[in-house]
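Here the structure comes first, spelled out in structure tokens, and everything after it is commentary.
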Amino acid sequence: MLRWIRQQLGFDPPHQSDTRTIYVANRFPEHGHYVPQRFADNRIISSKYTIWNFVPKNLFEQFRRIANFYFLIIFLVQLMIDTPTSPVTSGLPLFFVITVTAIKQGYEDWLRHKADNEVNGAPVFVVRSGSLVQTKSKNIRVGDIVRVAKDETFPADLALLSSDRADGTCHVTTASLDGETNLKGSLLVAAFFCSSCHQLTTNGIMVNQQQDVNHLANMTNYSVAETAECQSVSQLEALQAVVECQQPDADLYRFVGRITVTQHGEEIVRSLGQENLLLRGARLKNTKEIFGVAIYTGMESKMALNYKCKSQKRSAVEKSMNTFLIIYLGILLFEAILSTILKYAWQAEDKWDEPFYNQKTEQERNSSPILKFISDFLAFLVLYNFIIPISLYVTVEMQKFLGSFFIGWDLDLYHEESDQKAQVNTSDLNEELGQVEYVFTDKTGTLTENEMQFRECSISGVKYREVNGKLVPEGMSDDSPDGSTPHLIGDELLFLQAVSLCHTVQISYDQPDCPVGGGDPFSHANGFSSNHMEYYASSPDEKALVEAAKRIGVAFTRCSGDTLEIKTFGKSEKYKLLHVLEFDADRRRMSVILQTPSGGKVLFTKGAESAILPFTTSGEIEKTRVHVDEFAMKGLRTLVVACRHFSPEEYIDVDKHLNAARTALQQREEKLQEAFNYIERDLELLGATGVEDKLQDKVQETIEALRLAGIKVWVLTGDKHETAVSVSLSCGHFHRSMNILELLQQRSDNECAEQLRILARRIEEDHVIQHGLVVDGASLSLALREHEKLFMEVCKNCSAVLCCRMAPLQKAKVVRLFKTSPEKPITLAIGDGANDVSMIQEAHVGIGIMGKEGRQAVRNSDYAIARFRFLAKLLLVHGHFYYIRIATLVQYFFYKNVCFITPQFLYQFFCLFSQQTLYDSVYLTLYNICFTSLPILVYSLFEQLVHPHVLQNKPGLYRDISKNSLLSFRTFLYWTLLGFCHAFIFFFGSYILMGEDTTLMGNGQMFGNWTFGTLVFTVMVITVTLKLALETHFWTWMNHFVTWGSIAFYFIFSLFYGGIIWPFLHTQDMYFVFVQLLSSGSAWFAIIIIVITCLFPDVVKKVFYRHLQPTSTQTSQSLSAPQTQTLSCVESLCCYQHGQSGCSRLASLLEQISGRCQPSGNHCPASSRSNRSWSDTENLYSNDCSILTLSPTEATNC
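Laid out in structure tokens, this is it:
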């Protein structure tokens, strides 16, 4: 237990040495003095608190706030010395604020614990005690043998021991780790380590350790390793093996280790590499089951190590609040010091120092002047302490917590297909959504749907498209009757055969319950059934092309050893795979050499246009080049296909070159490149393909709207350079007219610096046009190492930046680079996979996409949405609303507290600075808690300066609130001076109107100090409440209720408080005071005159500025769309899926209360929900484009 506590507190790291030794199945040696190493358990932790540290950690974070810490000091001072007010006046609000905040933050962290428990409690199967045992994921220990079935995710980092495949391989997808949806292969322990050349040997083929992991993984490998034979539980239980490997690190693409297997008393050593490691979060594909030994578990897994430590995010508004509090603290200290000095200056005269009615005691006469000065200073500090608004924090917390529900209730953020609504994980950052200046987005699964679709192809200079499973030339329609077998000419057939054979696709057969077509698995009209096979590919393009060829009639049906089988309209053809010329970034193409059924030798190759066309000597080269350009202009991903037929003599020469290069011990990479280039020449051009990487709906419109809003968009992806650029062009991140600059494949600091200077000069010379920058991960590392300023200068002058081949931590570094830049812009990161978690946690605001690859990003994000297009409304509407609401809330709180405490300061000039309080202690306590709290809270929940429809039509309005403009020092100074002006009017207005004549009571009684203070307090409550009413643009029934209700509550409370003798009160100073005050006509006259005097200039100012110098926001207020045509973010509360969910009923109730929805039983019909779409045909407003406008809906009940 003690060790567990020490580990939780971080004092006892699980491992100490540089390597770890793992005994497979935890079969520890029985002899010697073996001391087992300590490893982390398999729990994933994304929460911030534990049951042990919640109270101290939460209190520490709360008392970091200046107001909380200040009131704690004031409360302690009130306990220690005699002060004018009771300690309850400070202690009770402080306790209320701390408690409410702790409950809110505890609830949010409990939700994180709940999500973690779902992952940690997932069922898994491990081999223990000779049987397969089901347990929870968190119970996996390092050394356990774990079984993982098809389509399951790996619960820990596993070293592959065996699989159900005879060739000893398995295939995985790692989209949640590196953003790649590609299928990757993993090898069993099959590689012998060659000490002489420091390379891995696999089946006689030498593979350099530094070769790209993906290239190695995509190869077909056959293992003869001893663990491959252990495919049953009994064999695995009997396995005696020890794994030695490096300690955990965050590099997803590096793993070094070895395994020692003991068989028949002999120890056999095998090397382990990245190709043997199955990473946590990856998913098993195309393999029935595998067994692996747990190497890294829990927070030591590579996925978890790529997480950034969860830290407390603080919004720019909260930082501004702290700055304002420091200024107000300075004002407080100034008033307290000035009052103390003036007190002693006034008491320099004996008649004021010791008047006859207040003689000093002997102890007071002999007390130290310094201690007395300090005591008086602290007493004034306590008297004026309410100028610091402690209730500001609790109001802000309640506003954020309650306001966050509107995001989840908004129908425009609801995705009906997946039945997912927007989710708020951290409500502390709502207003930050209105301040975003940079958006860093992932590509795969965030901008795209992870789906490739074949669109067009060019064969022998003729463009074709697919129509109903047939290739149709451009300009022609499909006139052949359904079910007829299409006729393909020789070129078309050869092209489809090349597409079906030149790839690294794997096949999985899923047999249905009921056979189709009488049991013939290929009895479809085109010769096959599409229900029995599922393709898995290392490239999504390859999968789309093979599936398209299959639909047209040329189906890749089997891959067995070195035999490839295709069926051309039902006719089976077998090809022998002779050689594979793997894809690499330099050649940008891949090839296969096959033996045809007739015995001939042929090479099929495919790749980028620039990698194929220069090596072609025959075919329709120019026409194909034009078609490729047309495909690219449409945003399609293009590949060019070619072939070469070998004579027997030519093939012998080719085979000789390949074998010599692959068996070379020196400069093998260079010799392989030479051999590949020697073979891939004199090609015959067959055609080209156009594949669409399907984007999510409205991605291009969303990116354009963000640009108009002044937000720069960066795309950070782990994909290849060509793929990333293609998607950036198709989604509008890069424009066709944009000058694309490249910072790629830089190998040294000097080379990188020189390239950056060249790019900077090009931008300066061509400053008229827009520039886009493409940078890869390796070059980025060099740029950030020595040349940050130069890199930042280039990036800031580019309209769009694309970073490809990015590791997870590199994404976080890029975000941190901009966060810490001198301008300190607000950043937002959005992604869907575990590889995006570090970036999401690093940014000021992190948004997770509820994609297809797990929930890692969602669990670690601040907000979660189902689609990228929802980001536009989240920022432009919700962000706008949240910011203006909380900005006004903060300024208003400071204003009303200045109004509250300044008369108390002025009163000291009339009471010889005797520290006499102007207000009763009950009024002091309840002013911020009851009398003035609800109107500003409701305002901060429902205020809308501009209709949501207009905010979406005019993204430029987002610029008006950027850079924290509503909380600028100028605005803060205006509200503060306004508070001082109103406070002077409260005090001196009451003094002038009633101070000179104290016999204005109806019965001739005189006014006392409590009556004067109550008059000032009454005027103040009415004025500050009506001031907020003047600031309110969007009135609801709720606003009316709390505005007039707060004033009425003050009068009713004061009547009861002063009209009854309360036995538990020590004094009855306020008895009958309020009743007497209201019985005076002069008092009512004074209240009306003072309130009008305060508010009338403000009304004149608003009218003057609105008509003579209107802001763009004020101008847009007149452009509000008709209420009957659109649903605002608040109106959308009326409607939810089927109109009957728990959230929708609560939302409907709130709408009815707020007056925005008719209290009828009818909800928005399904038709209105289905018609909620973006439209590009709405009217354009002046000086701006209507990018994201709502189409009119048929709903009339909202």
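Heads up: the sequence shown begins at 11 in the numbering used here, then just goes up one per residue. Beta carbons are placed, not taken as given, at the ideal position from N, Cα and C, and that holds for glycine.
- Task: Over the uninterrupted beta strand (DSSP E) stretch that includes glycine 418, give me the two end residues.
- Result: If you number the sequence shown from 1, residue 418 lands on position 408. From DSSP, glycine 418 is part of no beta strand (DSSP E) but of the alpha helix (DSSP H) over 415–419.
- Item | Spatially closest choice to valine 1029 from Trp62, Ala1096, Leu423, Gln357, by CA coordinates | Here the question's residue 1029 lines up with position 1019 in the sequence shown. Closest by alpha carbon: Ala1096.
- Short Cβ contact (8 Å threshold) for arginine 293 with aspartate 174: Residue 293 sits at position 283 when you count from the first residue of the sequence shown. Residue 174 sits at position 164 when you count from the first residue of the sequence shown. No, the Cβ-Cβ distance between arginine 293 and aspartate 174 is not below 8 Å.
- For glutamate 592, which three-state DSSP category applies? If you number the sequence shown from 1, residue 592 lands on position 582. In the three-state reduction of the DSSP assignment, glutamate 592 falls in the coil class.
- Query: Excluding sequence positions up to five away, which residues of its chain have a Cβ less than 8 Å from the Cβ of leucine 934?
  - Reply: Translated into positions along the sequence shown, residue 934 becomes position 924. Thr95, Thr99, Phe396, Thr927.
- Task: Please determine, among Gln780, Lys834, Arg795, Arg772, the residue with the shortest C-alpha to C-alpha distance to asparagine 760.
- Result: Numbered from its first residue, the sequence shown carries residue 760 at position 750. Comparing Cα-Cα distances from asparagine 760 to each of Gln780, Lys834, Arg795, Arg772, the minimum goes to Arg795.
- Query: Hey, out of Ser747, Arg672, Leu457, Leu121, whose CA is closest to methionine 643's CA?
  - Reply: Walking along the sequence shown from the start, residue 643 turns up at place 633. Here the closest residue by C-alpha is Ser747.
- Do you know whose CA, among Leu1036, Trp1045, Cys762, Tyr394, lies nearest leucine 792's CA? Within the sequence shown, numbered from 1, the residue matching residue 792 stands at position 782. The shortest Cα separation from leucine 792 among Leu1036, Trp1045, Cys762, Tyr394 belongs to Cys762.
- Item | Residues that DSSP places opposite glutamine 144 in a beta bridge | Within the sequence shown, residue 144 is the residue found at index 134, counting from 1. Bridge partners of glutamine 144: Phe135.
- Looking only at its own chain, which residues have a Cβ that is under 6 Å from the Cβ of tyrosine 929, when we skip the five neighbours before and after it? As a working mapping, residue 929 is identified with position 919 in the sequence shown. Taken in chain order, the residues that qualify are Gly1023, Phe1027.
- Roughly how many angstroms separate the alpha carbons of cysteine 240 and lysine 586, rounded to a whole number? On the sequence shown, residue 240 is found 230 positions in, with the first residue counted as 1. On the sequence shown, residue 586 is found 576 positions in, with the first residue counted as 1. About 31 Å.
- Query: Could you give the distance in angstroms between the alpha-carbon of isoleucine 857 and the alpha-carbon of valine 602?
  - Reply: Sequence index remark: in the sequence shown, residue 857 carries index 847 (1-based). Sequence index remark: in the sequence shown, residue 602 carries index 592 (1-based). Looking at the two C-alpha atoms, the distance is approximately 43 Å.
- Query: Unbroken alpha helix (DSSP H) runs of length 4 or more, entirely within the segment 900–967: which are they?
  - Reply: 931–936, 943–952, 958–963
- Task: Locate the alpha helix (DSSP H) running through glutamate 660, then write down its first and last residues.
- Result: What you label residue 660 is simply residue 650 of the sequence shown in a count that begins at 1. Where glutamate 660 is concerned, the enclosing alpha helix (DSSP H) stretches over 658–672.
- Message: Just to confirm, is the Cβ distance from leucine 1040 to leucine 977 under 8 Å?
- Response: Locating residue 1040 in the sequence shown gives position 1030, counting from the first residue. Locating residue 977 in the sequence shown gives position 967, counting from the first residue. Taking 8 Å as the Cβ cut-off, leucine 1040 and leucine 977 do not qualify as a contacting pair.
- Task: Indicate the three-state DSSP secondary structure (helix, strand or coil) for proline 1120 in the structure shown.
- Result: Here residue 1120 is taken as the residue at index 1110 of the sequence shown, counted from 1. In this structure, DSSP gives proline 1120 a state outside helix and strand, which the three-state scheme calls coil.
- Item | Cut-off 7 Å between Cβ atoms - residues of its own chain near phenylalanine 85, not counting five sequence neighbours on either side | Stepping through the sequence shown from its first residue, residue 85 is reached at position 75. Hits under 7 Å: Pro97, Ser100, Gly101, Leu104.
- Give every residue of the same chain whose Cβ lies closer than 7 Å to the Cβ of histidine 425, excluding the five residues on either side of it in the sequence, and list them in chain order. Stepping through the sequence shown from its first residue, residue 425 is reached at position 415. Excluding positions up to five away in sequence, the list reads Ala876, Arg877.
- Answer yes or no: do aspartate 154 and valine 129 have a C-beta to C-beta separation smaller than 8 Å? Indexing the sequence shown from 1 puts residue 154 at position 144. Indexing the sequence shown from 1 puts residue 129 at position 119. No, the Cβ-Cβ distance between aspartate 154 and valine 129 is not below 8 Å.
- Residues bridged to valine 602 by DSSP? Position 592 of the sequence shown, counted from the start, is the residue given in the question as residue 602. In DSSP, valine 602 forms a bridge with Val590, Phe614.
- Is the distance from the Cβ of isoleucine 1057 to the Cβ of threonine 1035 below 8 Å? As a first step, residue 1057 is located in the sequence shown; it is residue number 1047 there, counting from the start. As a first step, residue 1035 is located in the sequence shown; it is residue number 1025 there, counting from the start. Closer than 8 Å, so yes.
- Query: In or out: tryptophan 1020 buried (at least 16 other Cβ within 10 Å) or exposed?
  - Reply: In the sequence shown, the residue the question calls residue 1020 occupies position 1010. So tryptophan 1020 ends up on the buried side.
- Message: Need the endpoints of the alpha helix (DSSP H) that leucine 339 sits in, please.
- Response: Position 329 of the sequence shown, counted from the start, is the residue given in the question as residue 339. Segment 326–356, the alpha helix (DSSP H) holding leucine 339.
- Task: Specify whether the segment 341–361 and the segment 297–307 touch according to this definition: at least 3 beta carbon pairs, one from each stretch, less than 8 Å apart.
- Result: no
- Got a sec? Which residues, its chain only, sit under 8 Å from arginine 37 by beta carbon, not counting five neighbours each side? Position 27 of the sequence shown, counting from 1, holds the residue named residue 37. Within the same chain, arginine 37 has close Cβ partners Gln250.
- Item | Span separating the alpha-carbon of arginine 75 from that of phenylalanine 334 | Here residue 75 is taken as the residue at index 65 of the sequence shown, counted from 1. Here residue 334 is taken as the residue at index 324 of the sequence shown, counted from 1. For arginine 75 and phenylalanine 334, the distance between alpha carbons rounds to 12 Å.
- Message: Let me check understanding here. Comparing Cα to Cα, which of Gly571, Ala565, Ser570, Leu588 lies closest to lysine 577?
- Response: As a position in the sequence shown, residue 577 is number 567, starting the count at 1. It is Ala565.
- Short check: CB of leucine 766 to CB of histidine 797, under 8 Å? In the sequence shown, the residue the question calls residue 766 occupies position 756. In the sequence shown, the residue the question calls residue 797 occupies position 787. Contact: yes.
- Between the CA atoms of threonine 451 and leucine 884 - distance to the nearest angstrom: The residue labelled residue 884 in the question sits at position 874 within the sequence shown. The residue labelled residue 451 in the question sits at position 441 within the sequence shown. Approximately 15 Å between the Cα atoms of the pair.
- As assigned by DSSP and simplified to three states, the class of threonine 29: Residue numbering aside, residue 29 sits at position 19 when the sequence shown is read from its first letter. In the three-state reduction of the DSSP assignment, threonine 29 falls in the strand class.
- Confirm, please, whether the CB-CB distance from valine 709 to leucine 457 is below 8 Å. Taking the first residue of the sequence shown as 1, we reach residue 457 at position 447. Taking the first residue of the sequence shown as 1, we reach residue 709 at position 699. Yes.
- Query: What does arginine 293 pair with, by DSSP beta-bridge criteria?
  - Reply: Here residue 293 refers to the residue found at position 283 when the sequence shown is read from its first residue. Beta-bridge pairing links arginine 293 to Thr163, Thr183.
- Roughly how many angstroms separate the alpha carbons of isoleucine 773 and valine 804, rounded to a whole number? On the sequence shown, residue 773 is found 763 positions in, with the first residue counted as 1. On the sequence shown, residue 804 is found 794 positions in, with the first residue counted as 1. Whole-angstrom Cα-Cα distance: 8 Å.
- Task: Let me know the alpha helix (DSSP H) ranges lying completely inside the segment 807–887, each 4 residues or longer, listed in chain order.
- Result: 818–829, 847–852, 866–869, 880–883
- Which of the three DSSP states, helix, strand or coil, is assigned to leucine 315? Residue numbering aside, residue 315 sits at position 305 when the sequence shown is read from its first letter. Looking at leucine 315 - three-state DSSP - the assignment turns out to be helix.
- Tell me whether alanine 389 sits in a helix, a strand or coil according to DSSP, three-state version. Walking along the sequence shown from the start, residue 389 turns up at place 379. Looking at alanine 389 - three-state DSSP - the assignment turns out to be helix.
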